[in-house]
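In the order they appear, the protein sequences are chains A and B.
Residues in the first sequence are numbered consecutively from 5, following the numbering used here.
Residues in the second sequence are numbered consecutively from 29, following the numbering used here.
Even for Gly, the Cβ is constructed at its ideal location relative to N, Cα and C.
Accompanying notes for the structure given below.
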Amino acid sequence: DVKVTQSSRYLVKRTGEKVFLECVQDMDHENMFWYRQDPGLGLRLIYFSYDVKMKEKGDIPEGYSVSREKKERFSLILESASTNQTSMYLCASTLQGRANYGYTFGSGTRLTVV
Amino acid sequence: KQEVTQIPAALSVPEGENLVLNCSFTDSAIYNLQWFRQDPGKGLTSLLLIQSSQREQTSGRLNASLDKSSGRSTLYIAASQPGDSATYLCAVRRGGSEKLVFGKGTKLTVNP
């Protein structure tokens, strides 16, 4: 089974801190994604990456950056955490261009910024 | 722009009932459609994926159908159990795009 592993289940950070959320997948997937999920707003795409060192902005990239130095790892960076970034963060991965292949999600990171 | 709608937002049924969850999408040029389950505070678990060329997929007590021309998919759950209580999310992938567009989900409660 494909595994997508997010390094932390829960994080509490202070306003202004630089925060790193890590995601690792073990099935050689080209595509990796970061979403945030908020009540009433659903899942919103922050960034995605289709190859090492390649990235594309999603719907809500402001206040975030990403890094993909190796194919299996995709990091989400909050440059200066703010309280409105308190949320559930979900990482996902998939193969490129395969209609019969779906997304696999990690177990999520609940981030609280105080 | 693709929009995905799931109605109702919440559903409560007695154990043993057969039920249908609905998903509609505005752009029929989809690549595939995926149904997910999410338990409170957890990540998403993939249930079924239907390619655009398919009409339905089955896994155990679950059956998902796809009608591209009308922009609709349904998830049928047979003989519901309390363990089926979760939020069910529908997501579509457009042709030429690697991204999924999600509905906001249907929160299902199965009462013993």
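Determine, using beta carbons only, whether residue i and residue j come nearer to each other than 8 Å.
i	j	result
E43 of chain B	Q109 of chain B	yes
Q41 of chain A	L49 of chain A	no
G131 of chain B	V32 of chain B	yes
A106 of chain B	R83 of chain B	no
R122 of chain B	Q30 of chain B	yes
V70 of chain A	L80 of chain A	yes
L25 of chain A	Y93 of chain A	yes
G112 of chain A	G71 of chain B	yes
L94 of chain B	Y116 of chain B	no
R65 of chain B	L77 of chain B	no
G62 of chain A	Q89 of chain A	no
Which bits of chain B does residue i rub up against, with CB to CB less than 9 Å?
i	result
Y54 of chain A	E126
R114 of chain A	G69
N88 of chain A	The contacting residues do not exist; N88 of chain A stays about 20 Å from chain B at best.
Using a cut-off of 7 Å between C-beta atoms, extract the partners of residue i located in chain A.
i	result
F130 of chain B	G46, L47
Q79 of chain B	A103, N104
Y59 of chain B	A103
Since residue i sits in a beta bridge, which residues does DSSP pair it with?
i	result
E26 of chain A	A:S79
E60 of chain A	A:F52
V118 of chain A	DSSP output for V118 of chain A lists no bridge partner at all.
S69 of chain A	A:I81
I35 of chain B	None, per the DSSP bridge assignment.
Report the neighbours of residue i on chain A: residues whose CB is nearer than 9 Å to its CB, in chain order.
i	result
Q141 of chain B	In the structure as shown, chain B begins at 29 and stops at 140. Residue 141 of chain B is therefore absent and cannot be evaluated.
Within its chain, find whatever has a CB closer than 7 Å to the CB of residue i; leave out the 5 residues flanking it on each side and keep chain order.
i	result
S56 of chain B	K96, S97, G99
D67 of chain B	A114
V36 of chain B	This sequence places Pro at residue 36 of chain B; Val is not what is there. T134, listed in sequence order.
V8 of chain A	C27, Q29, C95, A96, S97, T108, F109, G110
T54 of chain B	Q30, E31, G99
Please list, in chain order, all residues of the same chain as residue i whose beta carbon is under 6 Å from its beta carbon, the five residues on each side excluded.
i	result
K17 of chain A	V23, A85, V117
A96 of chain A	F37, Y107, F109
V56 of chain A	R72, K75
E21 of chain A	A85
What does residue i touch in chain B if you count any residue whose Cβ is under 8 Å from its own?
i	result
L94 of chain A	G71, L72
For residue i, return the contacting residues in chain B, with the cut-off set at a CB-CB distance below 7 Å.
i	result
Q100 of chain A	E126
S111 of chain A	K70, G71
In its own chain, which residues sit with a C-beta less than 8 Å from the C-beta of residue i, not counting the 5 before and 5 after it?
i	result
Q79 of chain B	Y59, N60
Y54 of chain A	E34, N35, E60, Q100
Using the beta-carbon of each residue, which ones in chain A are nearer than 8 Å to residue i?
i	result
G133 of chain B	G46
Considering only residues of the stretch 42-101 of chain B, which uninterrupted beta strand (DSSP E) runs meet the minimum length of 3 residues and lie entirely inside it, listed in chain order? Complete beta strand (DSSP E) runs here, min 3: 47-53, 58-66, 72-79, 84-87, 90-95.
Which runs of the beta strand (DSSP E) fall wholly inside the stretch 7-53 of chain A and span at least 3 residues, in chain order? Taken in chain order, the unbroken stretches of beta strand (DSSP E) that lie wholly in the stretch 7-53 of chain A and span 3 residues or more are 8-10, 14-17, 23-29, 35-42.
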